[in-house]
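A.B. asks: Position 337, counted from 1, in the sequence shown is what the UniProt record's numbering calls 337; the numbers after and before it change by one each time, with no gaps. C-beta: ideal position from N, C-alpha, C; glycine also.
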Amino acid sequence: MAWRFKASKYKNAAPIVPKPENYVRDICVGSYQTYGNNIAASAMFMAFNWEHAGSSLAVLPLKDFGRKSKLMPLLHAHTDTVTDMEFSPFHDGLLATGSQDCLVKIWHIPKEGLEESISNPECTFSHKQRRVETVGFHPCADFLLYSTSFTTLTLWDLISEQEIFSNADHTEVIQSVSWKRDGTLLVTSCKDKQLRILDPRTEQSCLKSANSHAGIKDSRVVWLGEQDKVLSTGFDAQRLRQIIIRDLRNFSQPEKTLELDCSTGILIPLYDADTGMLFLAGKGDTTIGYMEVSERDPYLIEGIRHSGEQTKGVCLVPKRALNVMQGEVNRILQLTSSSVIPIMYQVPRKTYRDFHADLYPDTPGYKTELTASLWMQGKNIPLPKISLDPAKRENGEEPIIVSCLKFI
1 MAWRFKASKY KNAAPIVPKP ENYVRDICVG SYQTYGNNIA ASAMFMAFNW EHAGSSLAVL
61 PLKDFGRKSK LMPLLHAHTD TVTDMEFSPF HDGLLATGSQ DCLVKIWHIP KEGLEESISN
121 PECTFSHKQR RVETVGFHPC ADFLLYSTSF TTLTLWDLIS EQEIFSNADH TEVIQSVSWK
181 RDGTLLVTSC KDKQLRILDP RTEQSCLKSA NSHAGIKDSR VVWLGEQDKV LSTGFDAQRL
241 RQIIIRDLRN FSQPEKTLEL DCSTGILIPL YDADTGMLFL AGKGDTTIGY MEVSERDPYL
301 IEGIRHSGEQ TKGVCLVPKR ALNVMQGEVN RILQLTSSSV IPIMYQVPRK TYRDFHADLY
361 PDTPGYKTEL TASLWMQGKN IPLPKISLDP AKRENGEEPI IVSCLKFI
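Here it is, written out as structure tokens:
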């Protein structure tokens, strides 16, 4: 039992919100009926749905702030609402978008940002007659993208611009997808109340399935780093919001079930595998929760909550962009109806004059030798890790960007 009371160095991480003049203001954000987060970030840029239609995106420098003009350059991405978006983990200017117009598009954001509006993608993939629900990049293989549309999950090779895998085992719409951190497996949540573990490189790609949340509302799932565990959020039969942790070795039986409250917004789980920090934000909620995920009982340890504006969308900022010399261990971008608020999670220390190495384990880097085709052939190449110590960083504080696309 002694382990249960072991103090964590992230236990007292506190949310810090800047003054209003120091975040992006005077933007126009609608209410979108999507499974996506409505905002995404790389170490250099942020992108989010713009105006009530949501078919265009605003793309701004990550450190941008202040009032924004409705006449600023935009990414005119699709003819209907953008349902999901994600930046590549290897190229800060490479953005994927999916939309209700049934298309997936790949965009190159110039190093200097959007100086004029853009409407021509680098490449386009079609899901024919079904709207795209989610898109995301592989965590280890460069230029490998997944997208989902209704009951189908598809993998795309961006170099050859070809579909390289498709799975249609789901019986209802796929609501979320998450890769294992080593890129070997992925997990899906679905409207049919099932979680599925998939390996796209095996003949029978669906390896396991389990009953998920009993409630009829949406659910989300995230893989817990390199562990053989996944965490899902949803609703129980009494419409209480719920978190469930499952271990792949006993997938049908939840390892931990936690009932929360009766709010109606589905909780978006944002998980940082380096620190074990889990952030929970519901669309329409004014509170963002923080928990630590532990490997043993009690599994979920509640931290300091943040209360503020109503959430329209939320995302984590990559580790390379953190202000480590201020004890910032994570940063959330909260999208509201009129602003983007950067919420810094800081671990209190007596002084921040020195780099606190104990707070910052080495993290997966931004360079990989693994391509989509090599990965499909069965290759697994661990992603080299990098130090967040400014004295050891290859390019100081400068993030890596993609200088041009098509593609290497």
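Going along the chain, which residues of its own chain have a beta-carbon closer than 6 Å to the beta-carbon of Thr171, five neighbours each way excluded?
C.D. replies: Answer for Thr171: Asp192, listed in chain order.
A.B. asks: Considering only their Cβ atoms, is the gap separating Val347 from Ile39 smaller than 8 Å?
C.D. replies: Against a cut-off of 8 Å, the Cβ pair of Val347 and Ile39 comes out as no contact.
A.B. asks: Considering only the beta carbon of each residue, do Lys319 and Leu388 sit closer than 8 Å?
C.D. replies: Yes, the pair counts as a contact, with Cβ atoms nearer than the cut-off.
A.B. asks: Ends of the beta strand (DSSP E) at Met376?
C.D. replies: Premise fails: Met376 lies in the alpha helix (DSSP H), 372-376, not in any beta strand (DSSP E).
A.B. asks: By how many angstroms is the C-alpha of His306 removed from the C-alpha of Ile288?
C.D. replies: Straight-line Cα distance between these residues: approximately 5 Å.
A.B. asks: Ignore the nearest five residues each way along the sequence and tell me which others in Ser42's own chain have a CB closer than 6 Å to its CB.
C.D. replies: Answer for Ser42: Phe87, Asp92, listed in chain order.
A.B. asks: Where does Glu112 fall in DSSP's three states?
C.D. replies: Correct three-state label for Glu112: coil.
A.B. asks: Output the distance between the C-alpha atoms of Asp358 and Ser149, rounded to the nearest integer angstrom.
C.D. replies: Whole-angstrom Cα-Cα distance: 42 Å.
A.B. asks: With distance defined between alpha-carbon atoms, name the residue in Pro89, Phe235, Trp223, Asp274 nearest to Ile245.
C.D. replies: Checked all of Pro89, Phe235, Trp223, Asp274; the closest Cα to Ile245 is Trp223.
A.B. asks: My guess is that Thr81 and Gly98 are in contact by the Cβ rule of under 8 Å, so how many angstroms apart are they, rounded?
C.D. replies: The Cβ separation is near 10 Å, so there is no contact.
A.B. asks: From what residue to what residue does the beta strand (DSSP E) around Met291 run?
C.D. replies: Its beta strand (DSSP E) spans residues 287-293.
A.B. asks: Per DSSP, Asp247 is paired with what?
C.D. replies: Note: Asp247 sits in a beta bridge opposite Lys229.
A.B. asks: For residue 423, count the other beta carbons within 10 Å of its own beta carbon; 16 or more makes it buried, fewer makes it exposed. Which is it?
C.D. replies: The structure shown does not extend to residue 423, since the chain spans only 1 to 408, so no value can be given for it.
A.B. asks: Check whether the Cβ atoms of Glu255 and Lys180 sit closer than 8 Å, and answer yes or no.
C.D. replies: No, Cβ-Cβ distance for Glu255 and Lys180 is not below 8 Å.
A.B. asks: Given a cut-off of 8 Å, decide if Thr257 and Gln238 are closer than it, judged by their beta-carbon atoms.
C.D. replies: Result no, Cβ atoms of Gln238 and Thr257 do not sit closer than 8 Å.
A.B. asks: With distances taken Cα to Cα, identify the nearest neighbour of Pro89 among Leu383, Pro390, Thr152.
C.D. replies: Nearest of Leu383, Pro390, Thr152 to Pro89, Cα basis: Leu383.
A.B. asks: Over what stretch of residues does the beta strand (DSSP E) that includes Cys206 continue unbroken?
C.D. replies: Taken as a continuous stretch (DSSP letters only), the beta strand (DSSP E) holding Cys206 covers 206-211.
A.B. asks: Grab me the residues of Phe65's own chain with a C-beta within less than 7 Å of its C-beta, minus the 5 sequence neighbours each way, in chain order.
C.D. replies: Once the five neighbours on either side are set aside, the close Cβ partners of Phe65 are Asn22, Tyr23, Val24.
A.B. asks: Under three-state DSSP, which class holds Asp142?
C.D. replies: Strand.
A.B. asks: Got a sec? Which residues, its chain only, sit under 8 Å from Lys11 by beta carbon, not counting five neighbours each side?
C.D. replies: Hits under 8 Å: Glu292, Ile301, Gly303.
A.B. asks: So for Leu324, helix, strand or coil by DSSP?
C.D. replies: Note that residue 324 is Val in the sequence shown, not Leu. Val324: helix per DSSP, three-state reduction.
A.B. asks: Could I get the ranges of all uninterrupted beta strand (DSSP E) runs contained in the UniProt repeat "WD" (75-109), with 3 residues as the minimum, in chain order?
C.D. replies: Listed in chain order, the complete beta strand (DSSP E) runs (minimum 3 residues) inside the UniProt repeat "WD" (75-109) are 82-87, 94-99, 103-108.
A.B. asks: Can you tell me which of Arg201, Leu155, Leu231 puts its alpha carbon nearest to the alpha carbon of Pro269?
C.D. replies: With distances taken between Cα atoms, Pro269 lies closest to Leu231.
A.B. asks: Alpha carbon to alpha carbon, how far is Leu278 from Pro18? Give it in angstroms, no decimals.
C.D. replies: Roughly 21 Å between the two C-alpha positions.
A.B. asks: Specify the secondary structure class of Lys406 as computed by DSSP and reduced to three states.
C.D. replies: For Lys406, the pLDDT reaches just 47, beneath the cut-off of 50, and the residue's location in the model is therefore unreliable, although a value from the coordinates is still provided. Note: Lys406 maps to coil in three-state DSSP.
A.B. asks: For Asp247, tell me which candidate among Phe235, Cys262, Tyr290, Val187 has the shortest Cα-Cα distance.
C.D. replies: Cα-wise, what sits closest to Asp247 is Val187.
A.B. asks: Within the same chain, show all residues whose beta-carbon is closer than 7 Å to that of Ser69, passing over the 5 residues directly before and after it, in chain order.
C.D. replies: None.
A.B. asks: Quick check on the burial criterion: 16 or more other C-beta atoms within 10 angstroms. Buried or exposed for Asp157?
C.D. replies: Buried, because 16 or more other Cβ atoms sit within 10 Å of the Cβ of Asp157.
A.B. asks: If you check the beta carbons only, do Thr311 and Ala281 fall under 8 Å apart?
C.D. replies: Yes. Within cutoff.
A.B. asks: Would you tell me roughly how many angstroms separate the C-alpha atoms of Gly36 and Lys392, rounded to the nearest one?
C.D. replies: Their Cα atoms are separated by approximately 35 Å.
A.B. asks: To the nearest angstrom, how far is it from the Cα of Thr79 to the Cα of Met46?
C.D. replies: Those two C-alpha atoms are separated by around 21 Å.
A.B. asks: With DSSP run on the structure shown, which of helix, strand or coil describes Asn38?
C.D. replies: Coil at Asn38, not helix or strand.
A.B. asks: Report the rounded CA-to-CA distance for Phe125 versus Pro73, giving the unit in angstroms.
C.D. replies: Using only the alpha carbons, I get a separation of about 24 Å.
A.B. asks: State the start and end residues of the unbroken beta strand (DSSP E) segment that holds residue 469.
C.D. replies: Outside the modelled stretch of the chain, which goes from 1 to 408, sits residue 469, for which no answer is possible.
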